[in-house]
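Participant: One structure coming up, written as structure tokens, with questions to follow.
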Amino acid sequence: MRILLDTHVLLWWLAGDAALPRNAGDAIADSDSEVLVSAATAWEIAIKKAAGRLEAPDDLIEALDANDFGTLPITAPHALAAGNLPAHHSDPFDRVLIAQAQLERLILVSVDRRFTEYEVELLPLV
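Residue numbering for the sequence shown follows my numbering, beginning at 68 and increasing consecutively.
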């Protein structure tokens with residue numbers, strides 16, 4: 068299974084936070100899963116951390132490497148697809164994740180219910 072983590076899911080995993088849904092934790096921990104983190108997520112974390120709006124590791128790249136998470140760059144096709152999505156969701160970082168999951172055929176892991184309004188495969192978090 069190839070999964071793409073939304074920012075809050077990544078941060079919950081790294082912090083060992085009980086807010087992480089069990090299905091998400093199981094999928095991330097599964098040795099058969101390829102876990103990816105978008106450059107958009109790293110960008111969002113850096114911006115919000117610098118503004119004092121969230122807690123995140125100072126060594127994010129090392130944390131990703133330690134967890135064997137791959138990184139997914141933002142390509143021009145990703146950016147164009149994000150810009151062409153219906154306006155159900157206004158967060159540009161989330162729109163990039165949705166576009167990346169669609170184009171790369173990834174399962175998106177998020178608790179954001181607005182993602183269900185898009186044609187994107189989501190990990191069931193029941």
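The beta-carbon is built from N, C-alpha and C at its ideal position, and this holds for glycine as well.
1) What is the rounded straight-line gap between the Cα of Leu164 and the Cα of Ala82?
2) Rank Asp126, Asp161, Leu127, Ile70 by C-alpha distance to the C-alpha of Asp179 and give the top, closest one.
3) Using the Cβ count rule (16 or more neighbours within 10 Å means buried), how would you classify Ser98?
4) Report the residue from Gly119, Ala113, Val76, Lys116 whose alpha carbon sits nearest the alpha carbon of Val102.
5) For Thr138, which three-state DSSP category applies?
6) Are the Cβ atoms of Ile141 and Ala117 separated by less than 8 Å?
7) Please work out which residues of its chain come closer than 6 Å, Cβ to Cβ, to Ala86, disregarding the five sequence neighbours upstream and downstream, and give them in chain order.
8) Compute the Euclidean distance between the alpha carbons of Pro159 and Ala109, then round it to the nearest angstrom.
Facilitator: So, from the data block:
1) 21 Å
2) Asp161
3) exposed
4) Val76
5) strand
6) no
7) Trp79
8) 13 Å
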